[in-house]
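**Q** This is the structure I want to talk about, given as structure tokens.
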Amino acid sequence: MSSFEWLAPAPPAARVARDGGWASMAGPAHMSDDQLAAAHRVLLAGGDVQFDMTPAPGRPPPPAWLRALGEWLEWALAPVGRFLRWIGGFMPDAPYARIVLWAMIAALALLILGIVIDRVRHGVWRLPRWRRRRSAAAVDAAEEDWTPDAAPARAWLDEADALAAQGRYAQAVHHLLLRSVEDLARRRPHVVRPALTSRDLARAEGIPSAPRRLFTEIASAVERSLFGGRPIDADEWGRCRHAYADFARTRNWAS
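With our numbering applied, the sequence shown corresponds to residues 2 to 256, in that order.
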């Protein structure tokens, strides 16, 4: 053996089934066709080698209701797609110009949607208002000019006094609350909305701090009476009447 013969690999051994036993062959060059076929059958029967590509299992089909929903959406949105393609036909070919124009169309659509939602919520058509938070100084400066009319206020007090004289204190206080809301709606129409409760009005920022505090006192008494089951006695009626008198008093709006 030369010094390099040990580097040569040994010939592969092929094991084949013959006469119910196993025999070792020197290599493929010394195997007959029958022996090679038998070796192939043994290799196939072993299951250690994969000869076929098994496809991955496919996704299960969607349920019938989901397919029906997709078909309905496709049918319902088809006019929208045709409308958008029609609009796109008038746009220039420049990509940046298309982006700007589509952004403007989307903003207009959102504006219209906001107007419709506001109409559904409040029952009136109006443009949205972007209101900035007013500072405390600005609110206090407007308080001197914010006061109910004196004559109707006195008439409302007389009506409430008539109810209280009959011992109907809860109705008298509720009467003052309703009259206060009416005056708020006349003086601050953008604050009073049909969907707002007296508690919401008590937290409204468009009402000066002093009238808001007096209104809160009357609204709290009515809330405790209607929802808390607490009767209003003569003392609480007196406090609410005094609060409404201050609420209606001219030039009494400084915080």
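Glycine included, every Cβ here is placed at the ideal spot set by N, Cα and C.
Count the C-beta pairs between the region 193-204 and the region 162-171 that are closer than 8 Å, then say yes if the count reaches three, no if not.
**A** Segments in contact, no.
**Q** If you reduce the DSSP assignment to three classes, tell me which class Glu206 lands in.
**A** In the sequence shown, the residue the question calls residue 206 occupies position 205. Three-state DSSP puts Glu206 in coil, outside helix and strand.
**Q** Would the region 166-173 count as touching the region 211-220 if we require 3 or more Cβ pairs under 8 Å?
**A** Contact between the region 166-173 and the region 211-220 is absent, because fewer than three Cβ pairs lie under 8 Å.
**Q** Would you check if the distance between the CB atom of Arg83 and the CB atom of Met92 is smaller than 9 Å?
**A** Within the sequence shown, the letter at position 82 stands for residue 83. Within the sequence shown, the letter at position 91 stands for residue 92. Result no, Cβ atoms of Arg83 and Met92 do not sit closer than 9 Å.
**Q** So is Tyr245 buried or exposed if we call it buried at 16+ other beta carbons inside 10 Å?
**A** As a first step, residue 245 is located in the sequence shown; it is residue number 244 there, counting from the start. It counts as buried.
**Q** Output the distance between the C-alpha atoms of Ala81 and Leu74, rounded to the nearest integer angstrom.
**A** Start at 1 with the first residue of the sequence shown, and residue 81 comes out as number 80. Start at 1 with the first residue of the sequence shown, and residue 74 comes out as number 73. Here the sequence assigns Val to residue 81, which means Ala is not the residue at that position. Answer to the nearest angstrom: the Cα atoms are 11 Å apart.
**Q** Rounding to the nearest angstrom, what Cα-Cα distance links Pro64 and Trp76 in this structure?
**A** Looking up residue 64 in the sequence shown gives position 63. Looking up residue 76 in the sequence shown gives position 75. Their backbone Cα atoms lie some 19 Å apart in a straight line.
**Q** Here's a check: name, in chain order, each residue in its chain whose Cβ is nearer than 6 Å to the Cβ of Phe248, leaving out the five neighbours to either side.
**A** In the sequence shown, residue 248 corresponds to position 247, counting from 1. Contacts found: Pro212 and Leu215.
**Q** Do you know how far the Cα of Arg42 is from the Cα of Phe52?
**A** Mapped onto the sequence shown, residue 52 falls at position 51. Mapped onto the sequence shown, residue 42 falls at position 41. Near 12 Å, if we compare the C-alpha coordinates of Arg42 and Phe52.
**Q** Taking the C-alpha atoms as reference points, what is the distance between Leu177 and Asp119?
**A** As a first step, residue 177 is located in the sequence shown; it is residue number 176 there, counting from the start. As a first step, residue 119 is located in the sequence shown; it is residue number 118 there, counting from the start. Distance between the alpha carbons of Leu177 and Asp119: 30 Å.
**Q** Would you tell me roughly how many angstroms separate the C-alpha atoms of Arg194 and Ser226, rounded to the nearest one?
**A** Indexing the sequence shown from 1 puts residue 194 at position 193. Indexing the sequence shown from 1 puts residue 226 at position 225. About 23 Å.
**Q** According to the neighbour-count rule (16 or more other Cβ atoms, all chains shown, within 10 Å of its Cβ), is Asp35 buried or exposed?
**A** Counted from its first residue, the sequence shown places residue 35 at position 34. Counting Cβ neighbours within 10 Å, Asp35 comes out exposed, since fewer than 16 surround it.
**Q** Between which two residues does the alpha helix (DSSP H) containing Leu197 stretch?
**A** Along the sequence shown, read from residue 1 onward, the residue named residue 197 stands at position 196. Per DSSP, Leu197 belongs to no alpha helix (DSSP H) and is neither H nor E.
**Q** Taking the alpha carbon of Cys241 as the point to measure from, which residue in Ala107, Leu179 and Ala38 has its own alpha carbon closest?
**A** Counted from its first residue, the sequence shown places residue 241 at position 240. Nearest C-alpha to Cys241: Leu179.
**Q** Using the three-state DSSP reduction, which class does Ile233 fall into: helix, strand or coil?
**A** For this step, residue 233 is matched to residue 232 along the sequence shown. In the structure shown, Ile233 sits in coil (DSSP, three-state: anything other than H, G, I, E or B).
**Q** Answer with buried or exposed for Leu185, where buried requires no fewer than 16 other C-beta atoms within 10 angstroms of its C-beta.
**A** Translated into positions along the sequence shown, residue 185 becomes position 184. Answer is buried; the Cβ neighbour count reaches 16.
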